[in-house]
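Below is one structure, written out as structure tokens; comments come after it.
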Amino acid sequence: MASRKILVCCGTGCLANNSFDIYTRFLEKLKDTNTEVIPEIKATGCNGLCEKGPVVKILPDEISYFKVKAKDVDEIVSKTILKGEIIDRLLYFDTNSKKKIVSHKDASFYKHQHKIALRNIGEIDPKNIEDYKERNGFEALRKVLFEMTPDEVITEVEKSGLRGRGGAGFPTGSKWRTCSKYDNYPKYVVCNGDEGDPGAFMDRSIMEGDPNTVIEGMIICGYAINSNRGFLYIRDEYQLARENMQTAINNARKHGFLGKNILGSGFDFDLEIVRGGGAFVCGESSALMASIEGNVGEPRAKYIRSVEKGLWDKPTVLNNVETWANIPPIILNGAQWFKQIGTEKNSGTKVFSLVGKVKNTGLVEIPMGTTLRELVFDIGGGIIKDRPFKAAQTGGPSGGCIPAEYLDISLDFDNLSRIGSMMGSGGVIVMDDTTCMVELARYYMEFLSEESCGKCTTCREGINTMLNILNRITLGQGREEDIDLLISLSETIKDASLCGLGKTAPNPVMTTLKYFRDEYMEHIVDKRCPAGVCKNLTSYSIDPDTCIGCSACARKCPVNAIEGELKKPHVIHKDKCIKCGTCFTVCPSGAVKIGGGLIESYNK
Amino acid sequence: MKVIINNIEYEGLPGETLMELAKRNKVNIPNLCHKEGFEGQGRCRLCMVEAREGNKTKIVSACVYPIHDGLEVNTDSEKIRAMRKNIILLLLLKTPNNEYIKKLAEEYDVKAPERYMDFSINENCILCGLCVKACEKMGTSAISLVNRGTGKKVSTPFDDPSKDCIGCGACAQVCPTNAITMTEANGVRTIWNKEFKMVQCSICNKHYTTEEALDFIESRLGNEEEKVCDTCRKKIISEKFKESYKNIFGQP
Ligand SMILES: Cc1cc2nc3c(=O)[nH]c(=O)nc-3n(C[C@H](O)[C@H](O)[C@H](O)COP(=O)(O)O)c2cc1C
Ligand code: SF4
Ligand code: SF4
Chain F
1 MASRKILVCC GTGCLANNSF DIYTRFLEKL KDTNTEVIPE IKATGCNGLC
51 EKGPVVKILP DEISYFKVKA KDVDEIVSKT ILKGEIIDRL LYFDTNSKKK
101 IVSHKDASFY KHQHKIALRN IGEIDPKNIE DYKERNGFEA LRKVLFEMTP
151 DEVITEVEKS GLRGRGGAGF PTGSKWRTCS KYDNYPKYVV CNGDEGDPGA
201 FMDRSIMEGD PNTVIEGMII CGYAINSNRG FLYIRDEYQL ARENMQTAIN
251 NARKHGFLGK NILGSGFDFD LEIVRGGGAF VCGESSALMA SIEGNVGEPR
301 AKYIRSVEKG LWDKPTVLNN VETWANIPPI ILNGAQWFKQ IGTEKNSGTK
351 VFSLVGKVKN TGLVEIPMGT TLRELVFDIG GGIIKDRPFK AAQTGGPSGG
401 CIPAEYLDIS LDFDNLSRIG SMMGSGGVIV MDDTTCMVEL ARYYMEFLSE
451 ESCGKCTTCR EGINTMLNIL NRITLGQGRE EDIDLLISLS ETIKDASLCG
501 LGKTAPNPVM TTLKYFRDEY MEHIVDKRCP AGVCKNLTSY SIDPDTCIGC
551 SACARKCPVN AIEGELKKPH VIHKDKCIKC GTCFTVCPSG AVKIGGGLIE
601 SYNK
Chain E
1 MKVIINNIEY EGLPGETLME LAKRNKVNIP NLCHKEGFEG QGRCRLCMVE
51 AREGNKTKIV SACVYPIHDG LEVNTDSEKI RAMRKNIILL LLLKTPNNEY
101 IKKLAEEYDV KAPERYMDFS INENCILCGL CVKACEKMGT SAISLVNRGT
151 GKKVSTPFDD PSKDCIGCGA CAQVCPTNAI TMTEANGVRT IWNKEFKMVQ
201 CSICNKHYTT EEALDFIESR LGNEEEKVCD TCRKKIISEK FKESYKNIFG
251 QP
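Residue numbers (my numbering), protein chains in the order written: chain F, 1 to 604; chain E, 1 to 252.
Dropping the structure here:
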């Protein structure tokens, strides 16, 4: 039998569930276990399905265990490792096929994925450079240094059609090309690892789980544009990412991949890590560069682009973590290979972080052009409790929301912006009918008003004013004219703000207004929140004809506002009700109805 | 370099921003955070104009937009006018009691919906950043813009009296909305939570600057400054001017 490996996921999600104890327990246990071939034990990066972690994979048997605890280790060793028996209890239950699955690769969550950027994550020990090398690591670098001219490298990236994965989808090759033309030295290569979008964690996963691919991508760019120095700007909270990145940099130096005269080619390149400024806006390119320079992370006007005048006013290429991770495979396998994945104008794959009301949440890498329906239903397993799909927010807080009528949209940069949303970093939040779209828009405006750097009047005051208007609407104080003011302010904020934060901030409001205007009107005119989320606009009552008198609601009501005899219709006392919605959730017969707000509670 | 603004052609200088060109030619582009001699900041967004490049129209902020040959600009399209009104509306909501902003709103016929006006707000600062720039220009950099979002404000580090502040009052002077409190009583000036002993003008005896400010200028220039206030200095200059006028052209 080929040498066996036990891979223990030690990504941030699994670590939080004590996966490191599992790892050490395996080490201890196997030390004094008598097997013919002692398996190799590796702590790997994130497997994507964090919610079902910690994950333990056994190779080459292809056995995957989920929700493993340290106390399971002895059993795994005695049964699976020594006798080849499968432990049923630890297998993954696939909600689509309603079956337990032995190899994670057969789970619908993984089956539809196509891993390029995430190719090594979960398969290797990120701190061990040999693991990376075993999977063709640094071969692309060798290829460019000894077989390609800088111009050929850029042409290859251009031909691949790779577009930046940090949000805007700018063609990477053309960015490199422009930068290569300036003869103003030193030039810089920068990696954007700020990942401020709440809920997105693909960049963290890559930096933690496969740091070498980012390093390799950056060295290749340095060679292509004639730069000798790079910076990795990593979000302040990402301690493990910084650690793993630093280890990888140190190892790469030792192995001659970084530093002077790389692999004897005569080319010098080195990298250093910069700790992020701790604000969402620091991920914006000009704010990020200001922050690296040691200044306040405030964006500046980019009428002169950073490929010409970037860091310290020198030509600079800035790319996103995931963009960098795509570079080595493109160089090794060729632009043609990459181009045939995805769609014509959106080649390759995109990593999405799928969260919200879907059964399977986590990181998924799928070809561009996959439909939202496939993502939510095939990979995500559909909506929790099989409730109706209402909308999906893509592109982070300043993305837009997509209603059910667009479920068949194929996900790529252009399609998403066409319908008023955007790709952003690839966050997808799925919502069911219990989400109030007005409250959703309000929530994002609140986030953005706190994260605006406050430089421009339109972004700082504009978002705040929109937030005030939305606050009033959710409290039942909205007026029809408010909608016009929201639309007019949206236009101004979008057109007049300086950086991408302000320019995209109105998206959540504009898309919810576009696709769910009725819901706004119900809040404003009927004083009713159909999702039962806005407390001032919600009342609960029990339909006596539907009520079966089971008393489930009365037992669960936290303030004892429900009365009724068993098997007789129950009644909610509105003066006691705190509108928590518990009755609505627990009623087995759908007898609890959501009505409008009580007249006294709005229009002060 | 030819630049067309509202259908009239102007000659642009290399390295100029659109705002600089406009100001040089007395073309009015409304703005609050620009001042001659200061680098454009792009903060207030009131100077947004439409710029045509090829067949694309972009909305740009004039104070930071570098001009180029063939640029065509419209400073008064319907879109721009609507935008301006909204920006002034936002400022009015932020500083509902400020005279300067109230006048601006009147001038542009901006009325805020009554129920969104909160007259209890006593804010005057519109965060144009000019005071910070002025302080930077003095070489003192005692104040800066801190925090983010609506919490942004101008302050000394941690709002403490700053050791760098010399009480020169350049910030208060440049502030368009009179937002910086500077009081003077009994030969003492108070600004940014710090008190300064003032210096009297040797001619009119008026308290005109602070000791620290005078020291700062002397150490900068390397010689002792005459203690003369601005008004008297101007008088002396105009006297001198009259003298030389007389000498050259005789008694008028
Ligand atoms: C407010 C704001 C936040 C951003 N945050 C990030 C971020 O966290 N990570 C990132 O890669 N790009 C972020 N971007 C996009 C960057 O400005 C930039 O476009 C990107 O890093 C370029 O890399 P790419 O071409 O590889 O996508 C942000 C942009 C804005 C406007
Ligand atoms: S748009 Fe917002 S975040 Fe961007 S520079 Fe302006 S105030 Fe700052
Ligand atoms: S205090 Fe005055 S000058 Fe300073 S930022 Fe505020 S409004 Fe501008």
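Note that CB positions come from ideal geometry on N, CA and C, so glycine has one too. Keep in mind the model is a prediction, meaning the values are calculated, not measured.
Return the chain-ordered list of same chain residues with a C-beta closer than 8 Å to the C-beta of residue i, the five sequence neighbours on each side being excluded.
i      : result
F/E451 : G196, A279, F280, V281, P397 and L501
F/G549 : G564, E565, L566, K567, K568, P569 and H570
F/I487 : M510 and L513
E/N6   : V27, V73, N74, T75 and D76
F/I409 : T371, L372, I402, N415, L416 and I419
By the criterion of Cβ-Cβ separation under 7 Å, what are the contact partners of residue i in chain F?
i     : result
E/Y65 : Y303
Given that residue i touches chain F, what residues does it touch there, using C-beta distances under 9 Å?
i      : result
E/I59  : D495 and A496
E/K152 : S452, C453, G454, K455 and R460
Roughly how far, in whole angstroms, is the beta-carbon of residue i from the beta-carbon of residue j, given that I think they are within contact range, below 8 Å?
i      : j      : result
F/P403 : F/Y515 : 4 Å
E/L18  : E/A62  : 4 Å
F/L118 : F/E365 : 5 Å
E/I166 : E/E224 : Contact flag wrong, Cβ pair sits at about 17 Å.
F/G310 : F/G297 : About 15 Å separates the two Cβ atoms, so there is no contact after all.
E/Q41  : E/C47  : Not confirmed; about 10 Å, so no contact.
E/V49  : E/I87  : E/V49 to E/I87, Cβ: 13 Å. No contact.
F/M207 : F/G193 : 6 Å
F/L475 : F/M445 : So it is not a contact: roughly 14 Å between Cβ atoms.
F/F257 : F/N228 : At roughly 14 Å, the Cβ-Cβ gap does not stay under 8 Å, so F/F257 and F/N228 are not in contact.
E/L291 : E/V3   : Past the edges of chain E, shown from 1 to 252, lies residue 291 of chain E, and the structure says nothing about it.
F/L448 : F/F201 : Contact flag wrong, Cβ pair sits at about 20 Å.
Name the chain E residues that come within less than 8 Å of residue i, Cβ to Cβ?
i      : result
F/S421 : The contacting residues do not exist; F/S421 stays about 22 Å from chain E at best.
F/S488 : A82 and N86
F/S449 : G149 and T150
Name the DSSP beta bridge partners of residue i, please?
i      : result
F/S353 : F/L363 and F/G427
F/F389 : F/D432
E/P96  : According to DSSP, which records beta bridges pairwise, E/P96 is partnered with nothing at all.
E/H207 : E/Q200
E/P66  : E/T17
F/I58  : F/I6 and F/I63
F/L49  : Its beta-bridge partners do not exist; DSSP assigns none.
E/A185 : E/V188
F/N319 : F/C191
F/F93  : F/K100
E/L145 : E/V154
F/P403 : F/A391
Can you list the residues of chain F that residue i reaches, using a CB-CB cut of under 8 Å?
i     : result
E/G42 : R300, A301, K455, C456 and L498
E/L91 : T457 and E461
E/M48 : D495 and A496
Please list, in chain order, all residues of the same chain as residue i whose beta carbon is under 7 Å from its beta carbon, the five residues on each side excluded.
i      : result
E/S244 : none
F/I154 : G173, W176, R177, S180 and A224
F/A505 : S398, L448, C459, I463 and I493
E/V64  : T17, G40 and G42
Spatial neighbours of residue i within its chain, please: C-beta separation below 6 Å, excluding the five flanking residues on both sides.
i      : result
F/G137 : N212
F/E600 : With a pLDDT of only 46 at F/E600, under 50, the local geometry of the prediction cannot be trusted, and the value read off the model is given with reservation. Nothing listed; no residue qualifies.
F/S551 : L566
F/N96  : S108 and G381
F/G115 : According to the sequence shown, residue 115 of chain F is Lys rather than Gly. Excluding sequence neighbours, F/K115 sits near E365.
F/I76  : none
F/N120 : R135 and D210
E/E11  : none
E/G169 : M182
F/G264 : none
F/M1   : Since pLDDT at F/M1 reaches only 46, below the 50 mark, its modelled position is unreliable, and the value read off the structure follows with that caveat. Nothing listed; no residue qualifies.
F/G48  : G362 and L363
F/G596 : D526, K527 and R528
F/K556 : T582 and V586
By the criterion of Cβ-Cβ separation under 7 Å, what are the contact partners of residue i in chain E?
i      : result
F/A279 : R148
Can you name the residues of chain B whose CB is closer than 8 Å to the CB of residue i?
i     : result
E/R45 : Note that chain B does not occur in the displayed structure, where the protein chains are F and E.
Kindly provide the chain-ordered list of residues whose Cβ lies closer than 6 Å to any non-hydrogen atom of ligand 4. With respect to ligand 4, the structure shown offers nothing to examine, as its ligands consist of ligand 1, ligand 2 and ligand 3.
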